[in-house]
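**Q** Here it is: the structure, laid out below.
Protein chains: 2
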Amino acid sequence: MRRIRLTMAYDGTNYSGWQIQPNAPTIEGQLDRAIFELTGERVHVIGASRTDAGVHAMGNIAVFDTESRIPADRFSQALNGHLPEDVTVTMSSEVAPDFHPRHCDTIKTYEYRILNSRRMIPQFGRYSWQIPRKLDIQAMREAAAYLVGEHDFKSFCCVRTDVESTVRQVTGIEVFEEKHGLIDDGLFKSADYKRAREADPDYFDPTMLVIRVSGTGFLYNMVRIITGTLVAVGRHSIKPSDVKTMLEACDRTSAKETAPAQGLTLMNIAYLDELDDKDSDDT
Amino acid sequence: MRRIRLTMAYDGTNYSGWQIQPNAPTIEGQLDRAIFELTGERVHVIGASRTDAGVHAMGNIAVFDTESRIPADRFSQALNGHLPEDVTVTMSSEVAPDFHPRHCDTIKTYEYRILNSRRMIPQFGRYSWQIPRKLDIQAMREAAAYLVGEHDFKSFCCVRTDVESTVRQVTGIEVFEEKHGLIDDGLFKSADYKRAREADPDYFDPTMLVIRVSGTGFLYNMVRIITGTLVAVGRHSIKPSDVKTMLEACDRTSAKETAPAQGLTLMNIAYLDELDDKDSDDT
Chain P
0 MRRIRLTMAY DGTNYSGWQI QPNAPTIEGQ LDRAIFELTG ERVHVIGASR
50 TDAGVHAMGN IAVFDTESRI PADRFSQALN GHLPEDVTVT MSSEVAPDFH
100 PRHCDTIKTY EYRILNSRRM IPQFGRYSWQ IPRKLDIQAM REAAAYLVGE
150 HDFKSFCCVR TDVESTVRQV TGIEVFEEKH GLIDDGLFKS ADYKRAREAD
200 PDYFDPTMLV IRVSGTGFLY NMVRIITGTL VAVGRHSIKP SDVKTMLEAC
250 DRTSAKETAP AQGLTLMNIA YLDELDDKDS DDT
Chain B
0 MRRIRLTMAY DGTNYSGWQI QPNAPTIEGQ LDRAIFELTG ERVHVIGASR
50 TDAGVHAMGN IAVFDTESRI PADRFSQALN GHLPEDVTVT MSSEVAPDFH
100 PRHCDTIKTY EYRILNSRRM IPQFGRYSWQ IPRKLDIQAM REAAAYLVGE
150 HDFKSFCCVR TDVESTVRQV TGIEVFEEKH GLIDDGLFKS ADYKRAREAD
200 PDYFDPTMLV IRVSGTGFLY NMVRIITGTL VAVGRHSIKP SDVKTMLEAC
250 DRTSAKETAP AQGLTLMNIA YLDELDDKDS DDT
């Protein structure tokens, strides 16, 4: 019996999240079915992060045990033959039989994308939250600084969480603009367009904002509530320092709205005892 | 009676192309319906480019005539209230009553996106052609140079085209890599990942290639056949100079496969007599 670890990328749009449910398409359901089709074994994979409905991933982690003799690194390609186009295994390897993807020290990194634009761009609808009014990025960065570090994030988790402790460590939050070819307006050169642009510059100046949040663990909906709160700061509905007060309140009603699922991507889960510090370029 | 011009952006995935058809969702069908809902007038918009099923647009153009008293620049917002999320009007203005979007001198710009990666990335499936083997960009650029200028593009159009002349002017073809946050692997730092990457660097080095083609007019499927042919060059199935021979053959069977629809976006249509050369930054 071997334990196989899979790195998963998926477009969560058409799924009711990671966790298997009766009568709803889920990532775990797809994966369990694909493993059964490939090996004949009925398994339930263990996921590192049980992402919500509509949330995407570039690097979620799942493990399962198998008697199959398929080489560990071949599982990715073999399973992709049994998975739909919106769910894919990026990498597969054998891990220790007691490796549990949730019972390890990790740093998870999420990215939340905001299309900050009054102009709608249909191609980004599945992967971002569109916010028409220009957000104040500097204020968002100032607010984010209050959240970095070890804090009780009770105000920043969904009320239905019943975990014992709501203390978590956020190791970093970056707020930055991302370039994207489709929203580079350099191609538009007509006088018509220029007149419209001069009359209403904001409309023709879309930007993609990314909020990248890393931490050793996250409570239910925490990244989306952090995002909703930073957006409230960016809109000047609240001040950056209000975020400090919210943290101290330890009450979900003090923080702001939960940002919608489609903007969120689980980018990476780093297992700390596997980090190769010797040649890591960020140390 | 006024003639209104609309600039349209859409995600073509769920549509059978621009042109209205019975029993199939089309962009024109959505627009005609939205105009009827807004003004009560039954119109058929005239499109500048009748994009194919699955092709996207950032700047297609449509016109229609109306007796409505809605201010010309308000049509965009008003129509968006009647359009689905994947079809949107970016800009609206009044044009001369005899303005016909296809009977003007224009430069159209298309971009074709290729995810050049053996690793599948589900988030790009709707908007790119995934090609596993690394393409030789320099060879593609060399081949593209043969296509720029005025040529008979009979070899590069779909055989069912019955236009009188197949001579067209391609004003430029650029082949370049586009950065994208989701495919920046800087976040992956585990020893596991590094080992896998060292063993198989190509797998972990996805790039987004863009082929940007501009011209005064295009034959049916021409950009997708140009793309398919440049990809054949990038794969070293043919030499760059073979493209010259293909052009001279004036025979569709001499050029290569038609690239799939989902990678193509009509970026912009510039009406030459509206170009404001005085402050254009590319002149």
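Residue numbers (numbering that gives the first Met the number 0), protein chains in the order written: chain P, 0 to 282; chain B, 0 to 282. For glycine and all other residues, C-beta sits at the position ideal for the given N, C-alpha and C. Bear in mind the structure is a predicted one, so any value in this text is a computation, not a measurement.
Of all the beta strand (DSSP E) runs that stay within the bounds of the segment 110-174 of chain B, which reach a length of 3 or more residues?
**A** For the segment 110-174 of chain B, whole beta strand (DSSP E) runs of length 3 or above, ordered along the chain, are 128-130, 148-151.
**Q** Determine which residues of the segment 70-100 of chain P have a Cβ less than 7 Å from any Cβ of chain B, and write them out in chain order.
**A** Here the close residues are ASN79, GLU84, ASP85, VAL86, THR87, THR89, MET90, SER92.
**Q** Determine, using beta carbons only, whether ALA8 (chain B) and VAL86 (chain B) come nearer to each other than 9 Å.
**A** Numbered from 1 along the second sequence, position 9 holds the residue referred to as residue 8 (chain B). Numbered from 1 along the second sequence, position 87 holds the residue referred to as residue 86 (chain B). Contact flag set, yes.
**Q** Compare the C-alpha of ASP97 (chain B) against each of B:PHE74, B:ASP51, B:ILE45 and name the closest.
**A** Counted from its first residue, the second sequence places residue 97 (chain B) at position 98. Closest by alpha carbon: B:ILE45.
**Q** How do the segment 136-156 of chain B and the segment 262-276 of chain B stand: do at least 3 beta-carbon pairs fall below 8 Å, yes or no?
**A** Contact between the segment 136-156 of chain B and the segment 262-276 of chain B is absent, because fewer than three Cβ pairs lie under 8 Å.
**Q** In terms of DSSP beta bridges, what is TYR9 (chain P) paired with?
**A** To locate residue 9 (chain P), count along the first sequence from 1; it is residue 10. Beta-bridge pairing links TYR9 (chain P) to P:ALA56, P:VAL86.
**Q** How do the segment 111-122 of chain P and the segment 80-94 of chain B stand: do at least 3 beta-carbon pairs fall below 8 Å, yes or no?
**A** In short, these stretches touch, since the Cβ pair count reaches three.
**Q** Do LEU208 (chain P) and ALA54 (chain P) have their beta-carbon atoms positioned less than 9 Å apart in this structure?
**A** Here the question's residue 54 (chain P) lines up with position 55 in the first sequence. Here the question's residue 208 (chain P) lines up with position 209 in the first sequence. Sequence inspection shows Val at residue 54 (chain P); the Ala mentioned does not correspond to that position. No, the Cβ-Cβ distance between VAL54 (chain P) and LEU208 (chain P) is not below 9 Å.
**Q** Quick check on the burial criterion: 16 or more other C-beta atoms within 10 angstroms. Buried or exposed for ALA198 (chain B)?
**A** Sequence index remark: in the second sequence, residue 198 (chain B) carries index 199 (1-based). That one is exposed.
**Q** So, does the CB of LEU181 (chain B) fall closer than 9 Å to a CB anywhere in chain P?
**A** Within the second sequence, the letter at position 182 stands for residue 181 (chain B). It does: the Cβ of LEU181 (chain B) has a partner Cβ on chain P nearer than 9 Å.
**Q** Using CA coordinates, which residue listed in P:GLU177, P:TYR202, P:ILE26 is at the minimum distance from THR12 (chain P)?
**A** On the first sequence, position 13 is the one that residue 12 (chain P) refers to. The candidate whose alpha carbon is nearest that of THR12 (chain P) is P:ILE26.
**Q** Using beta carbons (cut-off 9 Å, strictly below), is ASP10 (chain B) in contact with chain P?
**A** Position 11 of the second sequence, counted from the first residue, corresponds to residue 10 (chain B). ASP10 (chain B) counts as touching chain P.
**Q** Does the beta-carbon of HIS150 (chain B) have 16 or more other beta-carbons within 10 angstroms, so that it is buried, or is it exposed?
**A** The sequence position of residue 150 (chain B) within the second sequence is 151, counting from 1. Buried.
**Q** Can you tell me whether HIS102 (chain P) is buried or exposed? The criterion is at least 16 other CB atoms within 10 Å of its CB, across all chains shown.
**A** For the purposes of this step, residue 102 (chain P) is taken as the residue at position 103 of the first sequence. Counting Cβ neighbours within 10 Å, HIS102 (chain P) comes out exposed, since fewer than 16 surround it.
**Q** So within the segment 234-270 of chain P, which uninterrupted alpha helix (DSSP H) runs reach at least 4 residues, ignoring any that extend past its ends?
**A** Qualifying alpha helix (DSSP H) stretches, in chain order: 241-248.
**Q** Would you say MET57 (chain P) reaches chain B, if we count a Cβ-Cβ gap shorter than 9 Å as a contact?
**A** Here residue 57 (chain P) refers to the residue found at position 58 of the first sequence. With 9 Å as the cut-off, MET57 (chain P) counts as an interface residue toward chain B.
**Q** Report buried or exposed for THR228 (chain B), applying the criterion of at least 16 other Cβ atoms within 10 angstroms of its Cβ.
**A** Numbered from 1 along the second sequence, position 229 holds the residue referred to as residue 228 (chain B). With 16 or more other Cβ atoms within 10 Å, it is buried.
**Q** From TYR202 (chain P) to ARG112 (chain P), what distance separates their C-alpha atoms?
**A** Translated into the one-based positions of the first sequence, residue 202 (chain P) becomes position 203. Translated into the one-based positions of the first sequence, residue 112 (chain P) becomes position 113. Cα-Cα distance, rounded: 19 Å.
**Q** Alpha carbons only, please: which of B:HIS43, B:GLY148, B:ARG73 is nearest the one belonging to LEU246 (chain B)?
**A** As a working note, residue 246 (chain B) is residue 247 in the second sequence. Considering only alpha carbons, the answer is B:GLY148.
**Q** Looking only at its chain, what residues have a beta carbon closer than 6 Å to the beta carbon of TYR10 (chain B), apart from the 5 residues adjacent to it on each side?
**A** Taking the first residue of the second sequence as 1, we reach residue 10 (chain B) at position 11. Residue identity check: residue 10 (chain B) is Asp in the sequence provided, not Tyr. Answer for ASP10 (chain B): HIS55, ASP85, listed in chain order.
**Q** From VAL165 (chain B) to LEU218 (chain B), what distance separates their C-alpha atoms?
**A** Numbered from 1 along the second sequence, position 166 holds the residue referred to as residue 165 (chain B). Numbered from 1 along the second sequence, position 219 holds the residue referred to as residue 218 (chain B). Note on identity: in this sequence residue 165 (chain B) is Thr, with Val being the wrong assignment. Looking at the two C-alpha atoms, the distance is approximately 7 Å.
**Q** Note down, in chain order, each residue of its chain lying with its Cβ closer than 6 Å to the Cβ of ARG49 (chain P), except the 5 sequence neighbours on either side.
**A** Here residue 49 (chain P) is taken as the residue at index 50 of the first sequence, counted from 1. Only TRP17, GLN18 meet the Cβ criterion.
**Q** Exposed or buried, what is GLN129 (chain P) when buried is set at 16 or more other beta-carbons lying within 10 Å of its beta-carbon?
**A** Numbered from its first residue, the first sequence carries residue 129 (chain P) at position 130. Looking at its Cβ environment, which holds 16 or more other Cβ atoms inside 10 Å, GLN129 (chain P) is buried.
**Q** Using DSSP with H/G/I as helix, E/B as strand and the rest coil, what is ILE224 (chain P)?
**A** Within the first sequence, numbered from 1, the residue matching residue 224 (chain P) stands at position 225. Three-state DSSP puts ILE224 (chain P) in a helix.
**Q** Taking a cut of 7 Å between CB atoms, which residues from the segment 123-134 of chain P lie near chain B?
**A** Answer in chain order: GLY124, TYR126.
**Q** Mapping DSSP to helix, strand and coil, what is THR206 (chain B)?
**A** Counting from one through the second sequence, the residue named residue 206 (chain B) turns up at place 207. Correct three-state label for THR206 (chain B): strand.
**Q** Please compile the residues from chain B whose C-beta is within a distance smaller than 8 Å of the C-beta of LYS178 (chain P).
**A** As a first step, residue 178 (chain P) must be located in the first sequence, where it is residue number 179. The answer, in chain order, is LYS178.
**Q** Expressed to the nearest angstrom, what Euclidean distance is found between the alpha-carbon atoms of THR282 (chain P) and LYS107 (chain P)?
**A** Residue mapping note: residue 282 (chain P) aligns to position 283 of the first sequence, counting from 1. Residue mapping note: residue 107 (chain P) aligns to position 108 of the first sequence, counting from 1. In this predicted model, THR282 (chain P) has a pLDDT of only 36, less than 50, meaning its place in the structure is not dependable enough to derive any value.
**Q** Just to confirm my understanding: we take ILE136 (chain P), look at its own chain, exclude 5 residues before and 5 after, and list those with CB closer than 6 Å. What are they?
**A** If you number the first sequence from 1, residue 136 (chain P) lands on position 137. Once the five neighbours on either side are set aside, the close Cβ partners of ILE136 (chain P) are VAL174.
**Q** Can you give me the Cβ contacts of ASN220 (chain B) inside the same chain, cut-off strictly under 7 Å, excluding the 5 residues immediately before and after it?
**A** The residue you call residue 220 (chain B) lines up with position 221 of the second sequence. Taken in chain order, the residues that qualify are CYS156, CYS157, THR257.
**Q** What I want to know is whether the C-beta of VAL242 (chain P) ends up closer than 8 Å to one or more non-hydrogen atoms of the ligand SAM.
**A** Because no ligand of any kind appears in the structure shown, any question about the ligand SAM cannot be addressed here.
**Q** Skipping 5 residues on each side, what residues in its chain have a beta carbon closer than 7 Å to that of MET266 (chain P)?
**A** For the purposes of this step, residue 266 (chain P) is taken as residue 267 along the first sequence, with counting starting at 1. So the list reads MET57, GLY58, THR108, TYR109, GLU110, once near-sequence residues are dropped.
**Q** Along the segment 256-267 of chain B, where does the CB come closer than 9 Å to a CB of chain P? Name the residues.
**A** Flagged, chain order: THR264, MET266, ASN267.
**Q** Using 9 Å as the threshold, is the C-beta distance between SER127 (chain B) and GLN261 (chain B) below it?
**A** As a first step, residue 127 (chain B) is located in the second sequence; it is residue number 128 there, counting from the start. As a first step, residue 261 (chain B) is located in the second sequence; it is residue number 262 there, counting from the start. It is a contact, given that the beta carbons lie within the stated cut-off.
**Q** When you compare only the Cα positions, how much space is there between THR226 (chain B) and ILE69 (chain P)?
**A** Against the second sequence, residue 226 (chain B) aligns to sequence position 227. Against the first sequence, residue 69 (chain P) aligns to sequence position 70. Looking at the two C-alpha atoms, the distance is approximately 38 Å.
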